[in-house]
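Have a look at the structure below before the remarks.
Residue numbers (this note's numbering): 13 to 538.
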């Protein structure tokens, strides 16, 4: 006896056996039970989600000898003929192979004839979007007002290619992708009935790689059974798909979080011996990072994540900024993988990029400073004395007035929000190690903690002593000017001086007297 693939053997024959399309099933069952059946249905959705399967089940429900019902018997002559694919009253058409208008007209010429033995003559047209425009035009009139004994069941993966005149004549049912958990549970049910041993993680991996398609999942399951010599094992499934276990992805991300470049590259190259699909590895990494970001943003509110201890632990180790950075690098890296010299080096470069741009913590910076200090100690005595003199000169910087603060700001190596905060701040006082600044109320949005912390660190480094910075909103109008205001005032004064000088220029005066010229704009070179 020839082997029948799982996708055909376990194809649903009733509405109860269809998974993942509860919204469609509810509409069809209610319509059948109430007798309010439309003359044309359009099933749309991605591949393998049940479009033609639902159409065949609906055909059985319409032509069951026991009457129109949402629960066809499956044992009458009509049901058996439809299941066997040889019902003369169910005309199945592959639009991709019948695109000519003449073929469509020949098909529709038989619409007027009554069904041979069933209640309805049903036309099931698959991939209907492949019809030519002339074929659609030939179909329109019949589709709008078919004989009472005719039903049209159309299926397509791309409803946007259908003319709106066709869409308006059909009751459209949009099938969704099936959830991974539903697919894995369905595969487990089939394997139990088949008596085939399996590992649950292997089924989860298959479901994830099926992309929401039940048919793809069953095809992968057939392949996994053959690959595993009659059993579905996680290791075999991963090897078959060129995928990796989640623990491998998490170990890479932990190395990145720790800044452990040695073990990061070691793990990457060790895994390269198994010739994985690096695009799939980056996809899995993106999936893990999304779950980590979800935990960081929402806590443990998501019950699906709550039981995954590895994800929760990783969310504590990887900063939110690094998580977003790693995701973006992996996303772009996956797209660029095909233009790299080879996938392995491209993947490794993505890891090195993540390592290079990750946010370094304070302890790493301290270690780097200690290393630099060690280098300084090894210098010649004359160089040490010169360095010490420079340090002392820095620590003796005076900061007693707003003008002093302007000088300090101009010397700081800062950018972004911290720079704007410094430029718009007004010096209040420096009391021992406590530096107080104020900003106008219109600039209070600059007083963000990260900007204040960055500015505090830079000022402390510049003064050579630890400084505690506090920024408040100024009450009323201050007589002192911030660096930003002072800079603007200086520019305005320079502009006024330039305009005055231009008006008093003898050439300008002569032109004005002779031709009545009027000076409108003075451009000042900076």
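Cβ coordinates follow ideal geometry from the N, Cα and C atoms, glycine included.
- By the neighbour-count criterion, in which 16 or more other beta carbons inside 10 Å mark a residue as buried, residue 125 falls on the exposed side.
- Rounded to the nearest whole angstrom, the C-alpha separation of residue 305 and residue 332 is 7 angstroms.
- Pairwise C-beta distances place the region 79-97 out of contact with the region 200-209, as fewer than three of them are shorter than 8 angstroms.
- By DSSP's assignment, residue 483 forms a beta bridge with 449.
- When the Cα atoms are used, residue 263 and residue 337 turn out to be separated by approximately 17 angstroms.
- In its chain, beyond the 5 residues on either side, 253 have a beta carbon closer than 6 angstroms to the beta carbon of residue 221.
- Closest in alpha carbon position to residue 54, among 247, 250, 138 and 296, is 138.
- For the set 520, 488, 188 and 446, the Cα lying nearest the Cα of residue 57 is the one of 188.
- In this structure, DSSP gives residue 164 an extended state, which the three-state scheme calls strand.
- The three-state secondary structure of residue 434, taken from DSSP, is helix.
- Apart from sequence neighbours up to five positions away, the residues of its chain that approach residue 411 with a beta-carbon distance below 8 angstroms are 417, 420, 439, 442, 447 and 475, ordered along the chain.
- The Cβ atoms of residue 249 and residue 214 lie closer than 8 angstroms to each other.
- Residues 268, 338 and 341 of the same chain have their beta carbon placed closer than 6 angstroms to that of residue 366, with the five preceding and five following residues left out of the count.
- Distances from the CA of residue 368 to each of 458, 273 and 453 were compared; the closest alpha carbon is that of 273.
- If you ignore the 5 residues before and after residue 459, its C-beta comes within less than 6 angstroms of the C-beta of 483, all in its own chain and listed in chain order.
- Taking the Cβ atoms as the reference, residue 190 lies roughly 6 angstroms from residue 31, within the contact range of under 8 angstroms.
- Ranked by Cα distance from residue 184, the first of 195, 309, 194 and 169 is 169.
- Using a Cβ-Cβ distance cut-off of 8 angstroms, the region 60-73 and the region 18-36 are in contact, since at least three pairs of beta carbons, one from each stretch, lie closer than that value.
- Within the same chain, Cβ atoms closer than 8 angstroms to the Cβ of residue 302 are found at 339, the five residues on either side in sequence being excluded.
- Residue environment analysis places residue 133 among the buried positions, since at least 16 neighbouring C-beta atoms fall within 10 angstroms of its C-beta.
- Within the region 22-54, the alpha helix (DSSP H) runs of at least 4 residues that lie entirely inside it are, in chain order, 34-46.
- For residue 436, the closest C-alpha among the options 445, 485 and 461 is that of 485.
- Between residue 116 and residue 151, the CB-CB gap stays under 8 angstroms.
- When secondary structure is reduced to three states using DSSP, residue 275 falls in the helix class.
- One alpha carbon belongs to residue 422, the other to residue 478, and they sit about 20 angstroms apart.
- With 16 or more other Cβ atoms inside 10 Å of its own Cβ, residue 210 counts as buried.
- In the three-state DSSP reduction, residue 504 falls in the helix class (H, G or I).
- Following the DSSP letters along the chain, one finds residue 253 inside the alpha helix (DSSP H) bounded by residues 246-253.
- Bounds of any beta strand (DSSP E) do not take in residue 118; it lies within the alpha helix (DSSP H) bounded by 113-120.
- Under DSSP, residue 134 shares a beta bridge with 102 and 163.
- Looking at the DSSP output, residue 334 sits in no beta bridge, so it has no partner there.
- Put simply, the backbone Cα of residue 517 is about 15 angstroms away from that of residue 532.
- The alpha-carbon separation between residue 354 and residue 325 amounts to approximately 33 angstroms.
- Excluding its 5 nearest sequence neighbours in each direction, residue 113 has C-beta neighbours in its own chain below 7 angstroms: 144, 146, 147 and 150, listed in chain order.
- Looking at the backbone, the Cα of residue 471 and that of residue 351 are separated by about 46 angstroms.
- Rounded to whole angstroms, the gap between the alpha carbons of residue 457 and residue 432 is 11 angstroms.
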